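**Q**
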Amino acid sequence: MNEKKLKPGKSFYFSVFLKYCVMLLVSLLWAIFSYILAKRWIDDLSFLIGNFAAHFIIFGIAIIPGWMNAFLLVGLLLDRRPPKKKMEKYPPLSILVAAYNEENTIASTIESIAKQDYPGELQVIVINDGSSDGTLEKVRALNYPWLEVIDQRPNRGKAAALNAGLERVRYGLVVTLDADSYLYRNALVNLVGRYLSDPPNTAAVAGSVLVRNSRLNWVTKIQEWDYFNGIAAIKRVQSLLQGTLVAQGAFSIYRTDVLRDVGGWKECVGEDIVLTWALLERGWRVGYCEDACAFTNAPTTLRQFIKQRQRWSRGLIEAFKHHWRLLFHSRMSVVFIWWNLLFPYIDFVYTAVFLPGVVLAFFGVYWIAGPMTLVVLPLAMLINYVMYTVQVQMFRSQGLKVRRNLLGFVIYALLYGAILQPACLAGYFMELFKVQKRWGTK
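Take the sequence shown: its position 128, counted from the start at 1, is 128 in UniProt numbering, and no numbers get skipped.
1) Classify V139: buried if its beta carbon has 16 or more other beta carbons within 10 angstroms, exposed otherwise.
2) What's the gap between the Cα of L37 and the Cα of R80?
3) For N229, I'd like the list of residues in its chain whose CB is within less than 7 angstroms of its CB, leaving aside the five on either flank, ordered along the chain.
4) Does the distance from the CB of W30 to the CB of I58 come in under 8 angstroms?
5) Can you tell me the Cα-Cα spacing of I273 and Y171, whole angstroms?
6) Along the beta strand (DSSP E) that carries T202, what are the first and last residues, could you check?
7) My guess is that A179 and E102 are in contact by the Cβ rule of under 8 angstroms, so how many angstroms apart are they, rounded?
8) Is C424 helix, strand or coil when you go by DSSP?
9) Whole angstroms are fine: how far does the CA of N69 sit from the CA of W339?
10) Alpha helix (DSSP H) containing P256: first to last residue?
11) Rounding to the nearest angstrom, what Cα-Cα distance links Q310 and L18 in this structure?
12) Report buried or exposed for G427, applying the criterion of at least 16 other Cβ atoms within 10 angstroms of its Cβ.
13) Going by beta carbon distance, what residues of the same chain come within less than 8 angstroms of L341, once the five residues before and after it are set aside?
14) In whole angstroms, what is the alpha-carbon distance linking K266 and R260?
15) Round the Cβ separation of E121 and P92 to the nearest angstrom and send it over; I've been treating them as touching at under 8 angstroms.
16) Would you kindly work out how many angstroms separate the C-alpha atoms of L136 and L216, rounded to a whole number?
17) State the CB to CB distance for the pair S132 and A99, rounded to an integer number of angstroms; the pair is presumed to be in contact (CB under 8 angstroms).
18) Might you give, ordered along the chain, the residues of its own chain that have their beta carbon closer than 8 angstroms to the beta carbon of K10, omitting 5 neighbours on each side?
19) On the DSSP bridge assignment, give the partners of R285 in chain order.
20) Drop a sphere of 10 angstroms on the beta-carbon of N201, count the other beta-carbons inside from all chains shown, and report buried for 16 or more, exposed for fewer.
21) In whole angstroms, give me the CA-to-CA distance for I368 and V353.
22) Below 8 angstroms between beta carbons: does that hold for V258 and A187?
23) Label C21 either buried or exposed according to how many other C-beta atoms from any shown protein chain fall within 10 Å of its C-beta, with 16 as the threshold for buried.
24) Assuming V237 contacts C289 under a Cβ cut-off of 8 angstroms, what Cβ separation, rounded to an integer in Å, is found between them?
25) Which residue's Cα is closest to the Cα of R314: F429, V402, L166 and A380?
26) Could you tell me which of A278, E167, L24 and N155 sits nearest to I95, measuring between CA atoms?
27) My output table needs one value for F71: the three-state DSSP class, helix, strand or coil.
28) Looking at G207 and A114, is the spacing between their C-beta atoms short of 8 angstroms?
29) Could you tell me the alpha carbon to alpha carbon distance between H55 and A62, rounded to whole angstroms?
30) Quick one: residues in its chain with C-beta nearer than 6 angstroms to the C-beta of W225, no 5 flanking neighbours on either side, listed in chain order?
31) Assign Y345 to one of two classes, buried (16 or more other C-beta atoms within 10 Å of its C-beta) or exposed (fewer than that).
32) Tell me the rounded alpha-carbon separation between L245 and I337.
33) If you drop the 5 nearest sequence neighbours on each side, which residues of the same chain put their C-beta closer than 8 angstroms to that of R285?
34) Helix, strand or coil: how does DSSP classify C21 here?
35) Among the residues of its own chain, which have a CB less than 6 angstroms from the CB of L147, if the five just before and after it don't count?
36) Name the residue from S46, L78 and L45 whose alpha carbon lies nearest to the alpha carbon of E14.
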């Protein structure tokens with residue numbers, strides 16, 4: 001689909017397909033350039049471990065991640081968000097909030113919905129999934145005419161809770177919201193406006209999820225940068241190519257009829273990504289609304305963070321198990337499906353080879369990590385700068401201020417991969433070997 005002209009006086013515009021071609025071309029040229037630079041590195045390593053092993057390692061450490069970063073960078077530079085239609089009337093909206101032991105946050109979440117001043121009718125369904133704390137009592141103490149409560153016992157998991165709520169949905173659009181999330185002002189208006197302004201084959205739109213408790217400690221500080229820079233940028237470019245890969249359960253909107261047609265949420269650890277891929281496999285478009293902001297509580301300990309990312313990684317494997325045919329769809333966003341297929345390989349090489357190589361480099365052994373690895377720094381710095389600039393513009397448009405978080409950025413830039421990628425690798429193996437799954441909200 002061609003993008004409309006956004007600024008008066010411009011006599012031309014790039015179609016989405018042309019942007020896609022430019023992204024592929026530039027990133028491919030960067031990959032070729034990177035390979036030429038790395039040829040001596042590969043040759044030296046080949047002398048020690050063989051040609052195939054050397055290429056396997058260097059491509060996983062540098063060439064493919066560099067191609068991904070270049071593709072993402074060009075996409076961000078070319079992206080121009082289409083304007084939303086001005087709405088005279090907003091449609092009625094159902095909101096599902098699945099809650100498990102959320103007594104400390106559930107009231108705040110519901111109150112953030114009440115403060116939205118959404119101009120259409122609301123139906124808010126809180127599904128208490130067998131909580132053992134005071135979650136149910138907290139919800140029942142709230143007095144809103146649009147609030148409904150389902151007490152599901154015993155605990156059956158998030159997907160089952162959402163499906164129980166889906167049975168009670170009355171309206172044609174349904175929003176999912178985590179029980180520890182807080183909607184920023186105009187979040188619902190912006191999300192619905194984006195959905196109504198997108199092409200008619202849009203089945204879902206993901207909102208923008210940001211970290212609410214970023215000031216708590218270093219674990220939440222680094223996650224603030226991941227949500228603010230990395231996740232937001234990837235969703236933005238995926239949306240540009242007409243296929244956001246995860247309409248996350250934390251805050252997204254769906255067409256109710258389509259949701260019911262695909263059977264709702266599958267009972268698995270990555271119910272949101274599996275659902276999104278089901279929509280994509282059936283030919284639906286999934287969008288992204290960068291200015292529909294929900295602030296959520298990120299994991300507060302390193303152990304919680306690792307468990308969360310293991311769940312996300314397991315969800316990725318689940319998505320491939322159920323919807324592997326997406327790899328062969330003829331749509332622009334399929335590049336991100338193949339991109340995700342490479343994650344286990346990249347995470348394995350990073351964890352099993354690069355991290356030990358960094359340790360060896362401290363002892364003067366530069367087989368894996370050494371002066372050549374510094375070549376990737378300019379591109380990494382540039383893409384982080386572009387991500388930051390794009391997000392700052394969005395924040396300012398919503399009256400938000402970017403808080404100072406230098407410590408979080410330093411840790412994010414230097415150590416985040418060393419924490420994240422081994423956790424993801426463990427998640428892949430946990431799913432492959434069918435380790436027991438647990439209820440999770442993120």
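Ideal Cβ placement from N, Cα and C applies to all residues, glycine included.
All values derive from a computational prediction rather than experimental measurement.
**A** To lay it out plainly:
1) buried
2) 33 angstroms
3) N384, M387, Y388 and Q391
4) no
5) 23 angstroms
6) T202 to V211
7) 4 angstroms
8) helix
9) 11 angstroms
10) The sequence given here has Thr at residue 256, not Pro. Segment T256 to D261, the alpha helix (DSSP H) holding T256.
11) 36 angstroms
12) buried
13) F320 and L327
14) 12 angstroms
15) 4 angstroms
16) 27 angstroms
17) In fact, because the Cβ distance is near 12 angstroms, the residues do not count as touching under 8 angstroms.
18) Caution applies to K10, whose pLDDT of 49 falls short of 50 and renders its modelled position unreliable; the value that the coordinates give is listed next. Result list for K10: empty, nothing under 8 angstroms.
19) T202
20) exposed
21) 8 angstroms
22) no
23) exposed
24) Contact doesn't hold; Cβ gap of about 14 angstroms is too wide.
25) F429
26) E167
27) helix
28) no
29) 10 angstroms
30) G408, F409 and Y412
31) exposed
32) 8 angstroms
33) D198, P199, N201, T202, A203, Q242 and G243
34) helix
35) V124
36) One detail in the question is off: residue 14 reads as Phe in this sequence, not Glu. If we check each option's Cα against that of F14, L78 comes out closest.
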